[in-house]
Amino acid sequence: MSYKKDFSCVCDAVENINDLQNAVKEECPLSCFSNLLNPITVLGDTIPFVLFTKKGKPFTAFGNVGQLSAGPCFNTVFFRVENVHDCCATLRLLIAFDEHANILDFDKNTVCDVFRLERTDFCIEVDLNCFCAIQCLSPRLINRTH
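Everything in the sequence shown is counted per UniProt numbering, starting at 1 for the first residue and increasing by one.
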């Protein structure tokens, strides 16, 4: 009898990001399977990332729909993992701003316009098996001031 391991590189990467955010190490190479958080430079505890659908498009989620809390409704392609279990994840939406502190709309702007990312109170539950790629970004984007 042969054993076949189910493998999802997106799931494995998000699980690894979650582990790294929960236990900061000393190494700091830029990869979803390496620790991007460096305790010496105090980058915080967030590794932002973008997920890509099987059609190769960035996955988009919406926050503050109906403007039920302070602030505008927004869309984003940037996330922070909060929890992972059996390839299902709770992702916190990160709101994106340009260098003039304007909220970016990803129907109109590109990810290259992003200057700063900020955590929000909005989360989404996702099945990580539905994605084919993940791109990790620098933790320096979180609450960037200059």
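Each residue gets a CB set at the ideal place from its N, CA and C atoms; glycine is no exception.
Neighbourhood of residue i by C-beta distance below 6 Å, restricted to the same chain and skipping five residues each side
i	result
E82	T90 and R92
G71	N64
N18	V81 and V84
residue 157	Because the chain here runs from 1 to 146, residue 157 falls outside it and cannot be looked at.
Helix, strand or coil at residue i [DSSP, three-state]
i	result
I95	strand
I17	helix
D113	helix
P58	strand
V65	coil
C132	strand
residue 198	The structure shown does not extend to residue 198, since the chain spans only 1 to 146, so no value can be given for it.
D127	strand
R140	helix
K5	With a pLDDT of 48 at K5, under the threshold of 50, the modelled position of that residue is not reliable, and no figure is offered here.
N75	strand
For residue i, the nearest candidate out of the options (CA to CA)
i	options	result
N129	I142, A61 and C88	C88
R119	V126, H85, V111 and F49	F49
N143	E99, F106 and K54	E99
7 Å Cβ shell around residue i - same chain, five flanking residues per side excluded
i	result
F78	P48, V50, L94, A96 and L117
F115	F97, D98, E99 and R144
Nonlocal neighbours in the same chain, by C-beta distance under 8 Å from residue i, ignoring five residues either side
i	result
S8	C87, L128 and N129
Whether or not the segment 46-62 and the segment 129-146 are in contact is what I'm after, with contact meaning three or more pairs of Cβ atoms, one per stretch, closer than 8 Å; do they touch? Counting Cβ pairs under 8 Å, three or more are found: they touch.
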